[in-house]
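Student: Under my numbering, the very last position in the sequence shown is 168; numbers go up by exactly one each time.
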Amino acid sequence: MADEIKASLTLTIDNGDFEDRFAANNVKVSQTTQAGAAGVVTIGTAVQTLSLGHVAAAGYAAFRNLSTLTSGTHAIFIGSYDGTNNQEVVKLQRGMAAVLPLVPTITIGVRAITSTQFTAAARLQYLVLAE
Numbered sequence: 038m039a040d041e042i043k044a045s046l047t048l049t050i051d052n053g054d055f056e057d058r059f060a061a062n063n064v065k066v067s068q069t070t071q072a073g074a075a076g077v078v079t080i081g082t083a084v085q086t087l088s089l090g091h092v093a094a095a096g097y098a099a100f101r102n103l104s105t106l107t108s109g110t111h112a113i114f115i116g117s118y119d120g121t122n123n124q125e126v127v128k129l130q131r132g133m134a135a136v137l138p139l140v141p142t143i144t145i146g147v148r149a150i151t152s153t154q155f156t157a158a159a160r161l162q163y164l165v166l167a168e
C-alpha cells in the first residue's frame, strides 16, 4: 500500500496591513510499519517523556493542548529529550494544535508552564504514527 498517512495544513494571517496564507493540502506519506501511539496525558512542570508503545521509528505526530482556560498562562512545550535536556521546539498555547514530521529516533519530551494564578497541570492530546 501507499499514502496511508494524509495531512493538511492551512495557516493564515490577517493583522492590519499584513495578510498572507500558506496551505499544504492532502500531503500523502507512506507508512512502512503499522503502528501508532495515542492518548491524553497530564503534563506537569517537570519534563516527562511520552510513551510511544510499539512505535519503534516515529514518523508523523499531532499534538493539541486541551486547556480551555480563559486566563493565566498554560502552555505546553514539546521537544527532543536526550536524558538530561529537553530541546524544546514547539510551544502550544491553550487550545493550539500542531502536526509535525519527526526524526525517527526521537524521544519526545514535554512539560507545561503555568502562571502563579493557575498551578494545575496541563492536558496534552497526542497521536504519533510509525514511519
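We put the CB at the ideal spot given by N, CA and C, even for glycine. Quick caveat, the model's predicted, so the values are computed rather than measured.
To which residues of the same chain is F114 closer than 6 Å at the C-beta, ignoring the five residues directly before and after it?
Tutor: Closer than 6 Å at the Cβ level, and outside the excluded window around F114, lie E125, K128 and R148.
Student: Pair every Cβ in the stretch 84-91 with every Cβ in the stretch 135-148, then say whether three or more of these pairs are closer than 8 Å.
Tutor: Counting Cβ pairs under 8 Å, three or more are found: they touch.
Student: Under the three-state reduction of DSSP, which class applies to I115: helix, strand or coil?
Tutor: Of the three classes helix, strand and coil, the one that applies to I115 here is strand, per DSSP.
Student: Taking 6 Å as the limit between beta carbons, can you name the residues of its chain near V66, skipping five residues before and five after?
Tutor: For V66, where only same-chain residues beyond five positions count, the Cβ hits under 6 Å are I42.
Student: With a 10 Å radius around its C-beta and 16 neighbouring C-beta atoms as the bar for buried, classify V165 as buried or exposed.
Tutor: Classification for V165: buried.
Student: Excluding sequence positions up to five away, which residues of its chain have a Cβ less than 7 Å from the Cβ of T79?
Tutor: Cβ within range, chain order: A158 and R160.
Student: What span of residues does the beta strand (DSSP E) with R131 cover, start to end?
Tutor: Careful: R131 lies outside any beta strand (DSSP E) and carries neither H nor E.
Student: Considering just the uninterrupted stretch of the beta strand (DSSP E) at Q162, what are its terminal residues?
Tutor: Note, Q162: beta strand (DSSP E), A159 to A167.
Student: In terms of DSSP beta bridges, what is K39 paired with?
Tutor: In the sequence under discussion, the amino acid at residue 39 is Ala, which differs from the Lys named in the question. DSSP lists no partner for A39.
Student: What did DSSP end up calling T86 once you bin it into helix, strand or coil?
Tutor: Three-state DSSP puts T86 in a strand.
Student: Considering Cα atoms alone, identify which of V64, N122 and F59 is closest to P138.
Tutor: It is V64 whose Cα lies nearest to the Cα of P138.
Student: Are V140 and A95 close, meaning C-beta to C-beta below 9 Å?
Tutor: Cβ atoms of V140 and A95: closer than 9 Å.
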